[in-house]
Amino acid sequence: MVVAVMAAVAPMATVSAKQPPPPDVKADTRESFAPVADHVREQMQAGGRFEFVNAQERDTVAKDLGDMQSLFDRFTKVDAMDDKSKIQLYNDQSEVNAILTRRDGDKEVCVHEQPTGSHLPKTTCRKYSDMERDRAATMQMKDEMLHTTIPKPLLIGPNAH
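Each residue of the sequence shown is one higher than the last, beginning at 168 in the numbering used here.
Next comes the structure, spelled out in C-alpha cells:
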C-alpha cells in the first residue's frame, strides 16, 4: 500500500516546465558573428525575447558584443586567434549567454506553493515575460496611487478659515 501511495505522489513531486532553447551567442568567423550580434540586439528591444534585460546588463552585453567584434575584426576567425584572445572571446560569450538566459522572456518559471486557505499545494507555471509585465503593471499602479492627490476636506462651521 505504501508503494502505491509513493507511486502516485512521485509524479506530482517532479514538475518540469518546457523550456525554450537557451541563448547561444557563439560564432567562429567574422561573417557568422554579425548576424548573431544583430539578432541579440534586436531581441533586447521591446517585445523581443530578451526585452527585460536591465540597463546595466544591456551595457554589459553591448560591451561584450563590441569586444567580440573587435576580436573578429583582428583575426577574422577563431582558429586564427591566439590563446589569450580565445579566452577573451569565450568569457565574453559566456557573460552574454548568462545574462540572456537569466532574462529570457520565453522561459517558464514554476512555483510550488500552498494557496492561502488550502492544505493542498499547487504548482503554477508562467512565462518570465508575463511575470515581469505583471510586476511592472503593479509598480505603475502603486506609483499612480501614491501620486494621486487626495482632496482636502471642506471645512464648514466656526473653525473654517
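No residue lacks a Cβ here, since even glycine has one placed at the ideal position from N, Cα and C.
- Distance between residue 302 and residue 309 (C-alpha atoms, nearest Å): Within the sequence shown, numbered from 1, the residue matching residue 309 stands at position 142. Within the sequence shown, numbered from 1, the residue matching residue 302 stands at position 135. One alpha carbon belongs to residue 309, the other to residue 302, and they sit about 11 Å apart.
- Task: Go through its chain and collect everything with a Cβ distance to residue 197's Cβ below 6 Å, but skip five positions before and after it.
- Result: Residue numbering aside, residue 197 sits at position 30 when the sequence shown is read from its first letter. Within the same chain, residue 197 has close Cβ partners 239 and 243.
- Query: Under a three-way DSSP split, which group does residue 275 fall into?
  - Reply: On the sequence shown, residue 275 is found 108 positions in, with the first residue counted as 1. Secondary structure at residue 275: strand, using DSSP grouped into helix, strand and coil.
- Message: I'd like the list of long-range same chain contacts for residue 225, defined as Cβ closer than 8 Å, with 5 residues on each side in sequence excluded.
- Response: Along the sequence shown, read from residue 1 onward, the residue named residue 225 stands at position 58. Correct list, in chain order: 211.
- Query: For residue 302, which three-state DSSP category applies?
  - Reply: Walking along the sequence shown from the start, residue 302 turns up at place 135. DSSP places residue 302 in helix when its eight states are reduced to three.
- Message: If contacts are defined as beta-carbon pairs under 8 Å, then residue 187 and residue 268 qualify, I think. What distance do you get, rounded to the angstrom?
- Response: The sequence position of residue 187 within the sequence shown is 20, counting from 1. The sequence position of residue 268 within the sequence shown is 101, counting from 1. With 8 Å as the limit, residue 187 and residue 268 do not qualify as a contact, their Cβ atoms being about 10 Å apart.
- Item | Separation of residue 304 from residue 313, as counted between CA atoms | Counted from its first residue, the sequence shown places residue 313 at position 146. Counted from its first residue, the sequence shown places residue 304 at position 137. Roughly 14 Å between the two C-alpha positions.
- What residue ranges within the segment 221–304 form continuous beta strand (DSSP E) runs of no fewer than 3 residues, ordered along the chain? Listed in chain order, they are 275–280 and 289–294.
- Message: Taking only three categories from DSSP, how would you classify residue 169?
- Response: On the sequence shown, residue 169 is found 2 positions in, with the first residue counted as 1. For residue 169, the pLDDT reaches just 39, beneath the cut-off of 50, and the residue's location in the model is therefore unreliable, although a value from the coordinates is still provided. Three-state DSSP puts residue 169 in a helix.
- Message: By DSSP's criteria, residue 196 is part of a beta bridge. Which residues make up the other side?
- Response: Translated into the one-based positions of the sequence shown, residue 196 becomes position 29. 244, per the DSSP bridge assignment.
- If we count the other Cβ atoms within 10 Å of its Cβ and call it buried at 16 or more, is residue 231 buried or exposed? Within the sequence shown, residue 231 is the residue found at index 64, counting from 1. Buried, because 16 or more other Cβ atoms sit within 10 Å of the Cβ of residue 231.
- Item | Under 8 Å between C-beta atoms of residue 192 and residue 264 | In the sequence shown, residue 192 corresponds to position 25, counting from 1. In the sequence shown, residue 264 corresponds to position 97, counting from 1. Cβ distance < 8 Å, so residue 192 and residue 264 count as in contact.
- Query: Whose C-beta lies closer than 7 Å to the C-beta of residue 227 among residues of the same chain, with five residues either side of it excluded?
  - Reply: Here residue 227 refers to the residue found at position 60 of the sequence shown. Excluding residues within five positions, the ones whose Cβ falls inside 7 Å are 262 and 266.
- Query: Taking all protein chains shown into account, do 16 or more other C-beta atoms lie within 10 angstroms of the C-beta of residue 296, making it buried, or fewer, making it exposed?
  - Reply: Taking the sequence shown and counting its residues from 1, one reaches residue 296 at position 129. By the Cβ neighbour-count rule, residue 296 is buried, with 16 or more other Cβ atoms within 10 Å of its own.
- Task: Run the CB neighbour count on residue 205, radius 10 Å, all protein chains shown included, and call it buried at 16 or more, exposed below.
- Result: Translated into the one-based positions of the sequence shown, residue 205 becomes position 38. Around the Cβ of residue 205, a 10 Å sphere holds fewer than 16 other Cβ atoms; the residue is exposed.
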